[in-house]
Structure formats: C-alpha cells, structure tokens
Amino acid sequence: MEKSNLIKQLSDKKTKDYTYTVAFFLLFSFFVFYVIRPNLITVFEIKTKIKKLQEIDQLYADQITKIIEVQAAFENSREDLKLLQEAISRQPEVNKVLFDVNVSTDESKLIAERIVISDINLKDKGTANKLRSFIINLNLSGNFEDTLAFIRKIYNQRRLKLIPLLELTRQTNQSTQSAELLKIKLEVEGFYL
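Residue 344 in my numbering sits at position 103 of the sequence shown; the count goes up by one each step and never skips.
Right under this line is the structure:
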C-alpha cells in the first residue's frame, strides 16, 4: 500500500511541479559550478594578465623611448667624439702633454726652471677604461700676467689637463726688475684611459 500511495503522491500535479523545479535547480547548479564558474575564473585571470601585460608594455615603451633618446644624443655628438678621444687618449702620451706645456710656457714668456714628470705607470694595463692620470711638476718664473696667460693656454688646449696646485711667491732679489718676478710652482695633471 505504501508503494501505491507513494506513486499516487508522485503523480500528483503539485508534486510534478516541484520535481521539475528541483530537477531544474540541480541542472542549473551543475551548469553554474562546472561550466559558468570556470569560464568566469578564466575571464578574471585573463583580465589580470592583460593588466599586467599592459604595465609591462608601458615599461618597455618607456625604455625604448629612453634608448631612442640616447641614440639620438649619440648621433648628435658623434662628430664631437673625436674631440673627446683627443682630450683623453688611451695612452699617457706624456710627450704631447709636455710639448703642450712647453709651447704654453714659451708663448706666455715664462721661464721654465725645472720640469719633473711623476705618478705615471707605463706597464699597467689591468684597469682598462678607467681614468688614470700623471703629474708634471713645474717650477717657473715670470710675472703675474704671464702666469695667467700660461694657465689660459693650458686650459684652451685640446688635451684635458688640470692644475691642482699653484703656488706664487715673490723672488727675494733686490733689483727693481726682479721685484715683479714671481716664482711659480704648479702641477699639471694629464689624463688617459
């Protein structure tokens, strides 16, 4: 009896409506969890990946722009590169610096009393592309205007040179002509790679 009673209750219209509703809910739940949810997760993952890729793309675009700017600056200064190579040579070339100093001394009417070259290592090749220097110590005599002319000539030459030390003292002679003469002690620092 229970079986027939149960069959009657299941075949009732109200029960059939609930059965279809429950079946629809189960199918819809299955569809949501196993079909729509993975698609939604994929969509959100793709959106985050797109956002990250856009950030990376912007970063690369900025870097490419910087490279283009550097390349344009290099192209603009390509003609000046030879001047830079003349200013700082790959070898000490002390003879050229000494010649420049000698020419400057002669043109500025200073008298060279002593010239000493120091702090130079001709064997060192281990530190390539590192800026190195050598010192030329000079003892000169002349007046103040000639000293200024000498310094201007040194700085106007193509080879990069600095004067880290300059001492001016009066000579102790009593004659009127030698009273305006100065003893000049200076260092000229030359650079090379």
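Just so it is clear, CB atoms sit at the ideal spot from N, CA and C, and this is done for glycine as well. Computed from a predicted structure; not experimentally measured.
- Closest in alpha carbon position to residue 355, among 381, 376, 337 and 336, is 381.
- Excluding five sequence positions before and after residue 421, the CB atoms of its chain that fall closer than 6 Å to its own CB belong to 384, given in chain order.
- Only residues of its own chain outside the window of five on either side were considered, and among them 425 have a CB closer than 6 Å to the CB of residue 388, listed in chain order.
- When the beta-carbon positions are compared, residue 359 and residue 343 stay at least 8 Å from each other.
- Distance between residue 293 and residue 318, taken at the CA atoms: about 38 Å.
- Within the DSSP secondary-structure output, residue 395 pairs in no beta bridge.
- Segment contact: the region 324-336 against the region 389-407, three or more CB-CB distances shorter than 8 Å; contact assigned.
- Counting only the Cα atoms, residue 311 lies some 29 Å from residue 396.
- Assigned with DSSP and collapsed to three states, residue 377 falls in strand.
- Taking a C-beta distance under 8 Å as the contact criterion, residue 339 and residue 434 do not qualify as a contact pair.
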